[in-house]
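Residue numbers (the numbering used here): 411 to 568. Working notes, structure below.
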Amino acid sequence: FPDNATLHNALGCAFRLTENNNEAQANFERAVLLDENYISARKNLAVMQINNRDLDDAILNLEILTDNNPNQADVYNYLALAYAYKSKADEAEKWFLKSISVDDKYLPAVENLAFHYEFGGDLVKAKKYYEKAASLGSENAKEMLKNSKFSPDKLNKK
411 FPDNATLHNA LGCAFRLTEN NNEAQANFER AVLLDENYIS ARKNLAVMQI NNRDLDDAIL
471 NLEILTDNNP NQADVYNYLA LAYAYKSKAD EAEKWFLKSI SVDDKYLPAV ENLAFHYEFG
531 GDLVKAKKYY EKAASLGSEN AKEMLKNSKF SPDKLNKK
């Protein structure tokens, strides 16, 4: 097999589909090593690192991506997730909001921010973002809004 970044990125995707995360991550790492400017490979590597909870490495790779390509809503969303998994709520919120500021219709970030606020106990903000997600077509958000904790009488008591 030729040793090139495109091949290793494709192999990483194939291994990820078969849930062979170690091989997937190794191939994404090799792709980035062969071509440090290969955006898809670095993004794939960062996602695997988040999944494997290699959070500091994921953050480093995502920061490289944002430095070189600052208008990627998905990258900011992944950065927020990495910080959320590190229990750094303020950083996570900042990056979810940045993701939404880049693309206010980027549903994963809107849903993740709603959940982030809900998990943090800010039900008023959670409801606001679940409503936004529902308006963007999220069935999950529509289900979440049916929960009694989001009823106006409960929110007004907070």
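No residue lacks a Cβ here, since even glycine has one placed at the ideal position from N, Cα and C. Bear in mind that the values here come from a model prediction, so they are computed numbers and not experimental data.
**Item:** Exposed unless 16 or more other CB atoms sit within 10 angstroms - verdict on lysine 559
**Value:** exposed
**Request:** Give the single residue among Ile469, Ala536 and Lys498 whose Cα lies nearest to the Cα of lysine 485.
**Result:** First, the residue type needs correcting, since residue 485 is valine and not lysine in the sequence shown. Among Ile469, Ala536 and Lys498, the Cα nearest to that of valine 485 is on Ile469.
**Asked** What separation, rounded to the nearest whole angstrom, lies between the Cα atoms of lysine 568 and aspartate 500?
**Response** Any reading at lysine 568 must be qualified, since the residue scores a pLDDT of 49, below 50, and its modelled position is unreliable; the value itself is stated next. The alpha-carbon atoms of lysine 568 and aspartate 500 are separated by roughly 21 Å.
**Request:** Specify the secondary structure class of lysine 568 as computed by DSSP and reduced to three states.
**Result:** Residue placement at lysine 568 is flagged as unreliable, the pLDDT there being 49, under the threshold of 50; the coordinate-derived value follows with that caveat. Lysine 568: coil per DSSP, three-state reduction.
**Request:** Put glutamate 541 into one of helix, strand or coil per three-state DSSP.
**Result:** helix
**Asked** In its own chain, which residues sit with a C-beta less than 7 Å from the C-beta of serine 548, not counting the 5 before and 5 after it?
**Response** Leu517 and Glu521
**Request:** Determine the direct distance from the alpha carbon of asparagine 462 to that of lysine 542, and round the result to whole angstroms.
**Result:** 30 Å
**Asked** When the Cα atoms are used, what is the spatial distance from tyrosine 488 to alanine 519?
**Response** 9 Å
**Own chain partners of glycine 530 with C-beta closer than 7 Å, once the 5 adjacent residues on each side are dropped** = Ala499
**Prompt:** Between methionine 554 and alanine 436, what straight-line distance do the alpha-carbon atoms span, to the nearest angstrom?
**Reply:** 37 Å
**Item:** Residues near arginine 440 in its chain [Cβ-Cβ closer than 7 Å; skip 5 each side]
**Value:** His418
**Item:** Inter-residue Cα distance where the pair is isoleucine 449 and threonine 428
**Value:** 22 Å
**Asked** By how many angstroms is the C-alpha of proline 412 removed from the C-alpha of lysine 508?
**Response** 39 Å
**Prompt:** For glycine 530, which three-state DSSP category applies?
**Reply:** helix
**Asked** Just the Cα atoms here: how many angstroms apart are leucine 443 and alanine 490?
**Response** 25 Å
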